[in-house]
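Participant: Sequential numbering from 351 applies to the sequence shown in my numbering.
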Amino acid sequence: MKSDYIKKIKLPDKPGVYFFKRGRDLLYIGKATSLKDRVKSYFGKDLIETRGPVLLDMLFKANKISWQKTDSVLEALILEAELIKKHQPKYNTKEKSDKSFNYVLITRDKIPKVLIIRGKDLGNHKGFSFGPYTNGSQLKTALQIIRKIFPFVDEASSKKASIEFYKQIHLTPTSLDEYIHNIKNLKLFLHGKKKDVLRNLKKEMMQNAKEHKFERAGEIKRQIFALQHINDVALLKQDSFVSSNFSSLRTAKRNSSLGKIEENFARIEAYDIAHMSGRNMVGVMTVIEDGEMVKSEYKKFRIRTQDGTNDTGALREVLERRLAHREWAYPQLIVVDGGVAQLNVAKKLLKKMNVKIGVVSVVKDDRHKAKVILSSRGETFLRSSEKIPRPFEKLPCAAILLANSEAHRFAIAYHKNIRGKNFLR
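1) Within the continuous alpha helix (DSSP H) that includes S391, where are the two ends?
2) Please work out which residues of its chain come closer than 6 Å, Cβ to Cβ, to E677, disregarding the five sequence neighbours upstream and downstream, and give them in chain order.
3) Under DSSP, the beta strand (DSSP E) around N630 begins and ends at which residues?
4) In whole angstroms, give me the CA-to-CA distance for N605 and L409.
5) For I570, which beta-bridge partners are listed by DSSP?
6) Taking the C-alpha atoms as reference points, what is the distance between G477 and K534?
7) Provide the residue span of the beta strand (DSSP E) that contains E647, from first to last.
8) In the DSSP assignment, what are the bridge partners of W417?
9) Please report how far the alpha carbon of A639 lies from the alpha carbon of C747, in whole angstroms.
10) Could you give the residue range of the alpha helix (DSSP H) that holds A696?
11) Tell me whether H531 sits in a helix, a strand or coil according to DSSP, three-state version.
12) Please determine if the region 536-548 and the region 557-566 are in contact, where contact requires at least 3 C-beta pairs separated by less than 8 Å.
13) Would you kindly report the start and end of the unbroken alpha helix (DSSP H) that includes R549?
14) Keeping to the same chain, check which residues put their C-beta closer than 8 Å to that of V632; ignore five residues upstream and five downstream.
15) Please determine whether the Cβ atom of V690 lies at a distance below 6 Å from any heavy atom of the ligand FMN.
16) Rounded to the nearest angstrom, what separates A576 and N550 at their Cα positions?
17) Who are the near neighbours of S734 in its chain, counting only those whose CB is closer than 6 Å to its CB and skipping five residues on each side?
18) Tell whether a beta-carbon distance below 7 Å holds between R329 and N413.
19) Would you mind sorting D687 into buried or exposed? The rule is 16 or more other CB atoms within 10 Å of its CB.
20) For M626, write down the residues that DSSP places opposite it in a beta bridge.
21) Rounded to a whole number of angstroms, what is the C-alpha to C-alpha distance between K553 and E569?
22) Would you kindly check if the distance between the Cβ of R759 and the Cβ of P681 is under 7 Å?
23) Does the region 658-669 come into contact with the region 684-698, if we say contact requires no fewer than three beta-carbon pairs (one atom in each stretch) closer than 8 Å?
24) Around the C-beta of P501, are 16 or more other C-beta atoms found within 10 angstroms, so that it is buried, or is it exposed?
25) Rounded to whole angstroms, what's the CA-CA distance from V685 to E505? Just pull it up for me.
26) Out of V712, K498, T457 and D363, state which residue places its alpha-carbon closest to the alpha-carbon of S777.
27) Quick one: Cα of E642 to Cα of Q557, how far?
28) So P482 and A431 are supposed to be a Cβ contact under 8 Å. How far apart are they, rounded?
29) Near K386, which residues of its chain fall below 7 Å by C-beta distance, leaving aside the five closest residues on each side in sequence?
30) If you draw a straight line from the alpha carbon of N660 to that of G689, how long is it in whole angstroms?
31) Can you tell me which of K381, S711, K490 and L673 puts its alpha carbon nearest to the alpha carbon of V454?
32) What's the C-alpha gap between N754 and V722?
33) Which residue from T383, T443 and V503 puts its Cα closest to that of P365?
34) Tell me which residues share the same chain as M351 and place their Cβ nearer than 7 Å to its Cβ, disregarding the 5 neighbours each side in the sequence.
35) Express the C-alpha separation of K537 and L406 in angstroms, rounding to a whole number.
36) Going by Cα to Cα distance, which pick from V464, D375, S422 and G394 is closest to V367?
Here you go:
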């Protein structure tokens, strides 16, 4: 498919789902915050880097694009999952087995729970499944938004209390019958049938008003308003840097005048190892997005394969375990604590796994202050621990240092916690 084709069709600047086709054959389904911008992005000069060989092959074969608008990014996410499940397009599943995707499962319990389940584990649960969802981070955010409209019980909250508990935190309807009714509407919504849900709610609101149950009618009215004005700002932010269903990555762009890495990173992940003479060894991952800490996505790792003070071996283990989680959004840059050895470990592992992510390492001085940042291409920058050089006084240099210091703090705290627990045994 040539880029001239895009000029002939009028793609709307609206959220929705788009379809790449060859004749009647559906090749690929994707979602978009802006259909116009997302589809155009497939025809950039850096296509092989931003989309990868699988989608490049898809674009070569496609000769037609169609789309379906939605009222929100949230609904685009849900519709995409439903349509992928229904049509099983070749290029949506070519790189990844269904068993690796995420699904929403609504259990058959007396008080149904809403869970996120990996495809490989679906057979171990009884209930109604929805998906596949190709991005775990976006799915979690989506369920947080949905829960404010359709309150539900999840795995963590179900261990604490029953319906009474949820009344207290204002997340659950006032009776089990209402909760079950709410779950039915949630199922319809996850099937992409918002119109049916609105029709049901309006009918129910009118019935409650006729019966003078004005408080309940008012609650339903607020639910209708929330559905008609979905607040999915969090998803909008995420979708601005997640470029495809397979977390296709932008590689770090180069600035020829500076010979350095540019400031164009949406997500940075930093890693650090902590131990005391090789004992109670742990690793951590911290996340910086758009210059801000995202503590909800920090991860902890107990080191399983290393004995003694093998920091590079521990780092390799942590990165291998992290990269195995393809449902986690991939970063544009990885920051490791240490020198050339740590940098090389990360580079070799990424090359082995055929993952294109930029890597830097932060070298510390005797006072454990950042002295030099080594890039994956051999350059060094931040030559002074006292002052950030002018070209890097904004992102990503400041974000690199923030991510690195957070990783160090988080690793030390986790290590102390593990050490304290082991001491008490």
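C-beta atoms are modelled at their ideal positions from N, C-alpha and C, and glycine is treated no differently.
Facilitator: Working from what's here:
1) Run containing S391: L385 to S391, per the alpha helix (DSSP H) assignment.
2) N452 and G486
3) R629 to E639
4) Confidence at N605 is low in this model, with a pLDDT of 34, below 50, so the placement of that residue should be treated as unreliable; the coordinate-derived value is given next. Answer to the nearest angstrom: the Cα atoms are 29 Å apart.
5) I570 pairs with nothing; no bridge assigned.
6) 13 Å
7) Per DSSP, E647 belongs to no beta strand (DSSP E) and is neither H nor E.
8) Y368
9) Correcting the residue identity first, residue 639 is Glu in this sequence and not Ala. When rounded, the distance between both Cα atoms is 13 Å.
10) V690 to K702
11) helix
12) no
13) K544 to K560 is the extent of the alpha helix (DSSP H) around R549.
14) I623, A624, H625, K650, F651, R652, I653, A761, Y764, H765 and I768
15) The ligand FMN is not part of this structure, which contains no ligands at all.
16) Distance between the alpha carbons of A576 and N550 is about 15 Å.
17) Unreliable placement is indicated for S734, whose pLDDT of 39 sits below 50; the coordinate value is still reported in the next sentence. Contacts found: none.
18) What the structure shows of the chain is the stretch from 351 to 775, and residue 329 is not part of that stretch, so it cannot be assessed.
19) buried
20) R629
21) 13 Å
22) No, the Cβ-Cβ distance between P681 and R759 is not below 7 Å.
23) yes
24) Looking at its Cβ environment, which holds 16 or more other Cβ atoms inside 10 Å, P501 is buried.
25) 33 Å
26) For residue 777 there is no data in the structure shown, the boundaries of the chain being 351 and 775.
27) 47 Å
28) With a beta-carbon spacing of about 6 Å, P482 and A431 fall inside the 8 Å limit used to define contacts.
29) L361, P362 and D363, listed in sequence order.
30) Between N660 and G689, the C-alpha separation is close to 14 Å.
31) K490
32) Between N754 and V722, the C-alpha separation is close to 12 Å.
33) T383
34) L409, A412 and N413
35) Approximately 35 Å between the Cα atoms of the pair.
36) S422
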